[in-house]
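Asks:
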Amino acid sequence: MAKDGTYRGGRRVKAGSKPDALADKIMKGAPAKRMELPDFTDDMTDFDVDDIGDGVELEGMDMPSPDDYLSALQKDGKPLGADEIYKETWLWLKERGCERLVNKRLLESYSEAFARYIQCSEAVSKYGMLGKHPTTGAAIASPFTQLLMNFQKQANLLWYEIYDIVKQNCTEPFEGSPQDSVMEQLLRSRRNM
Numbered sequence: 001m002a003k004d005g006t007y008r009g010g011r012r013v014k015a016g017s018k019p020d021a022l023a024d025k026i027m028k029g030a031p032a033k034r035m036e037l038p039d040f041t042d043d044m045t046d047f048d049v050d051d052i053g054d055g056v057e058l059e060g061m062d063m064p065s066p067d068d069y070l071s072a073l074q075k076d077g078k079p080l081g082a083d084e085i086y087k088e089t090w091l092w093l094k095e096r097g098c099e100r101l102v103n104k105r106l107l108e109s110y111s112e113a114f115a116r117y118i119q120c121s122e123a124v125s126k127y128g129m130l131g132k133h134p135t136t137g138a139a140i141a142s143p144f145t146q147l148l149m150n151f152q153k154q155a156n157l158l159w160y161e162i163y164d165i166v167k168q169n170c171t172e173p174f175e176g177s178p179q180d181s182v183m184e185q186l187l188r189s190r191r192n193m
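Under our numbering, think of the first position of the sequence shown as 1, with each following residue one higher.
(1) With 16 as the cutoff for other CB atoms within 10 Å, does S111 come out buried or exposed?
(2) Where do the ends of the beta strand (DSSP E) carrying A141 lie?
(3) Among R8, A115 and A30, whose alpha-carbon lies nearest the alpha-carbon of A72?
(4) Going by beta carbon distance, what residues of the same chain come within less than 7 Å of V102, once the five residues before and after it are set aside?
(5) In the DSSP assignment, find the unbroken beta strand (DSSP E) run with L130 in it and report its ends.
(6) What do you get for A15, buried or exposed, if any count of 16 or more other CB atoms within 10 angstroms of its CB means buried?
(7) Start and end of the alpha helix (DSSP H) containing K87?
(8) Are the Cβ atoms of S121 and L130 separated by less than 8 Å?
(9) Under 8 Å, with one C-beta from each stretch per pair, do the segment 132-149 and the segment 95-109 reach the 3-pair mark?
(10) Please determine, among D76, S65 and K25, the residue with the shortest C-alpha to C-alpha distance to A123.
(11) Does DSSP put L148 in a helix, in a strand, or in coil?
(12) Give every residue of the same chain whose Cβ lies closer than 6 Å to the Cβ of D20, excluding the five residues on either side of it in the sequence, and list them in chain order.
(13) By a C-beta neighbour count over all protein chains shown, 10 Å radius and 16 as the cutoff for buried, is E84 buried or exposed?
(14) Find out if the Cβ-Cβ distance for the pair E172, A2 is shorter than 8 Å.
(15) Tell me the DSSP secondary structure of L158 in three-state form.
(16) Just the Cα atoms here: how many angstroms apart are L148 and E88?
(17) Assuming Y127 and F144 make a contact with CB atoms under 8 Å, what is their CB distance in whole Å?
(18) Check whether the Cβ of S111 lies closer than 8 Å to any Cβ atom in chain D.
(19) Using the Cβ count rule (16 or more neighbours within 10 Å means buried), how would you classify E99?
(20) Could you spell out where the alpha helix (DSSP H) holding Y69 opens and where it closes?
This is the structure in structure tokens:
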């Protein structure tokens, strides 16, 4: 214990060797465990209640719809485009059978951060990497470059969380990510507007 009463040693977050992917454990013959989700499709209609009524007409949905703020119009009149990233990432998760394991809010946060990263990247391309100081008039680094790095870091951290969930629960070997073509699609779609 240090003089100020805090512990300085001990385990650090994200330190040490990373666990093997579930698919690799299965291939090696090592004991592996996949998170089991309850299946609510079993016959759950064995109710003996006489007065239930008609109830509400429910509609099933395959993919939870992204919130409106992911496709909100920006100051320049263009949509943010995070809803496209959300859909692409959700479909990527569904292909691996992990769509029920990733929280919707985590997926939305990742989609927004990645869309903001693209937005800042476009601003750097449009306005350049240098700006003019408002009072002195001297050349300064563009504020968009710092924003770009912050959004990139945030998007990467969120992606690592999503990828870790998939890695620990996907039984099939996989490679690539849904963003291999998404950024290219978004940049093209924003230019055509």
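Where a beta carbon is used, it is the ideal one built from N, C-alpha and C, also for glycine. Since the model is a prediction, treat every value here as computed from it, not as a measurement.
Replies: Judging by the given coordinates:
(1) buried
(2) A139 to A141
(3) A115
(4) L93, I162 and I165
(5) L130 to K132
(6) exposed
(7) A82 to E95
(8) no
(9) no
(10) D76
(11) helix
(12) none
(13) buried
(14) no
(15) helix
(16) 22 Å
(17) 7 Å
(18) Absent from the structure: chain D. Only one protein chain is present.
(19) buried
(20) Looking at the DSSP string, Y69 is not in any alpha helix (DSSP H), and its letter there is neither H nor E.
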